[in-house]
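Participant: Residue numbers (UniProt numbering): 1 to 184.
First the structure, which I've put down as structure tokens, then a few questions once you've had a look.
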């Protein structure tokens, strides 16, 4: 993250039960959250063994591609605009990565419980279905922000809709988003 601080922003649990044939569409995380800044990361940590065939996938070097509209996982449609300001950001549709996989350097791994995949929140990623009839895929996913992160307005509903009583443009550290680590 190349930051002097680490602020805990958000967490959730992602589950794909055996026989889940729905893929997780390609997306990046930062557009879902009211956070601007480049010192931001997501940590993806499985609590079950996850074979490469069902593990999250990333496009190498894609964190610099710019901003993408957030997508609904159930429909893959972009979030509806509700008003609000995008600032100087231009949002685009996520490229059709699955439609031309040979064009991209796609990374994925076999991972074990406790392994962590750490990536920039603007790195496009997605995940295959879980066709296994016996293996569950449960993951704890956390979001972390650093020195340059500020609360930002989005023209759609953000997830989670929690701002910690901050105003747009405020640095993120507060009671709701605690400072966990600071470089001495």
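We put the CB at the ideal spot given by N, CA and C, even for glycine.
It should be emphasised that the depicted structure is a prediction, and the values quoted were computed from it without experimental measurement.
Cβ of residue 46 within 7 Å of Cβ of residue 110?
Facilitator: Here residue 46 corresponds to residue number 46 of the chain shown, with the count starting at 1. Here residue 110 corresponds to residue number 110 of the chain shown, with the count starting at 1. Against a cut-off of 7 Å, the Cβ pair of residue 110 and residue 46 comes out as no contact.
Participant: Quick check on residue 16: does DSSP put it in helix, strand or coil?
Facilitator: For this step, residue 16 is matched to residue 16 along the chain shown. It is a strand residue.
Participant: What are the residues that DSSP puts in a beta bridge with residue 36?
Facilitator: For the purposes of this step, residue 36 is taken as the residue at position 36 of the chain shown. Bridge partners of residue 36: 150.
Participant: Three-state secondary structure (DSSP) at residue 54?
Facilitator: Within the chain shown, residue 54 is the residue found at index 54, counting from 1. Here residue 54 sits in helix by DSSP.
Participant: May I ask you to report which of helix, strand or coil DSSP gives residue 103?
Facilitator: If you number the chain shown from 1, residue 103 lands on position 103. In this structure, residue 103 counts as helix in the three-state DSSP scheme.
Participant: Using the rule of at least 16 other Cβ atoms within 10 Å of the residue's Cβ for burial, across every protein chain shown, is residue 131 buried or exposed?
Facilitator: If you number the chain shown from 1, residue 131 lands on position 131. With fewer than 16 other Cβ atoms within 10 Å, it is exposed.
Participant: Mind checking whether residue 173 and residue 37 have CB atoms under 7 Å apart?
Facilitator: Locating residue 173 in the chain shown gives position 173, where the first residue counts as 1. Locating residue 37 in the chain shown gives position 37, where the first residue counts as 1. Not closer than 7 Å, so no.
Participant: Output the distance between the C-alpha atoms of residue 125 and residue 27, rounded to the nearest integer angstrom.
Facilitator: Locating residue 125 in the chain shown gives position 125, where the first residue counts as 1. Locating residue 27 in the chain shown gives position 27, where the first residue counts as 1. Looking at the two C-alpha atoms, the distance is approximately 6 Å.
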